[in-house]
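Below is one structure, written out as structure tokens, with a few remarks after it.
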Amino acid sequence: MRLAIVDDDAQQRSLLEEYVKKYFEEQGKVCDVVCFSSGVDFASDYAAPFDIILLDIDMPHMNGIEAAKKIRQVDEHAVIIFITRMAQYAIQGYEVDALDFMVKPVSYFNLSVKLARAMRKVPRRSSIAVSADGKTVFLGEEDIFYIEGHNQYVIYHTVSGNYKVHSTLKEAEKQLSAAFSRCNNSFIVNLRYLSHLENADAVVGSERLPVSRGRRKAFWEDVNRYLGGI
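For the sequence shown, full-length UniProt numbering begins at 1 and goes up steadily by one.
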């Protein structure tokens, strides 16, 4: 489980983080909590998918509603819970399919009720098991940007870092869903993170991965099929 807290008030962020960790400890579940001090920092280069987002509405430069609209352009699954001083502002949350809202000051009881509801809405994430550095790591498909093959090794480029695995790209490909497509003999792209195609390259985040002539038609078909299925 990955949860983001976005609030420009440091004291509020700290309190929410404390509450969230307490809740998941009581539930016996593991949750990776990441805090952001502004909507701009959170939404401008949004790449890491979060299961639940606690998002303050009242922030300068980019308020929570504006940040949520940018997030929804690339992530339709994250469960958004707004936090606000004025309840009437939260009505705008329907525009971005927010689950609920909380009015400050937030109590632990109120947050725990909202989190319990949010947990029921979080979609199950597909994951694959890989052996890296002598241990088995479970990687969520949504966390993988792309996969790179080098002879007998495969490197998974993910939101939490790179994982080098003794395998082949062909073997790695067998574990993946239709959200992935091979653009050449060395790279498999997670189409969730394909921002655009430029010249003969697939642009994934800041990386440009060449689409080989031999795989161009099949790659295009995979892209169209994936987009059609969203």
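For glycine and all other residues, C-beta sits at the position ideal for the given N, C-alpha and C.
In this text, all values refer to a predicted model and were calculated from it rather than measured experimentally.
Looking at Ile-83, Leu-99, Lys-121, the one whose alpha-carbon comes closest to that of Ser-107 is Ile-83. As summarised for the stretch 196-226, there are no continuous alpha helix (DSSP H) elements at least 4 residues long confined to that stretch.
As DSSP reads the structure, Asp-8 sits in no beta bridge. In the structure shown, the three-state DSSP call for Phe-82 is strand. As the crow flies, the alpha-carbon of Leu-227 is around 10 Å from that of Glu-221. Relative to Ser-44, the option among Ala-67, Asn-63, Ile-53 whose CA is nearest is Ala-67. Nearest to Cys-183 by C-alpha distance, out of Phe-219, Lys-174, Val-30, is Phe-219. Contact between the stretch 165-181 and the stretch 108-117 is absent, with fewer than three C-beta pairs closer than 8 Å. Assignment of Asn-162 by DSSP, reduced to helix, strand and coil, places it in the strand class.
Partner residues in the beta bridge of Lys-135, as assigned by DSSP, are Ala-132.
Remark: C-beta atoms of Asp-32 and Leu-3 approach each other more closely than 9 Å.
Close CB contacts of Arg-215 within its chain, under the 7 Å cut and outside five residues either way in sequence, are with Arg-182, Cys-183, Asn-184 (chain order). Here Val-96 is near Lys-69, since their CB atoms are less than 9 Å apart. Residue state for Met-62 is assigned as coil, using DSSP reduced to three classes.
In this model, Tyr-146 and Val-204 are separated by some 8 Å (Cα to Cα). In the DSSP secondary-structure assignment, Phe-50 is not bridged to any residue. The residues Val-203, in chain order, have a CB closer than 6 Å to that of Ser-195 in the same chain once the five nearest residues on each side in sequence are set aside.
Out of Gly-28, Gly-39, Ser-212, the CA that lies nearest to the CA of Ala-200 is found in Ser-212.
The alpha-carbon of Leu-176 is positioned some 21 Å away from that of Asp-133. Under the three-state reduction of DSSP, Asp-45 is assigned to coil, being neither helix nor strand.
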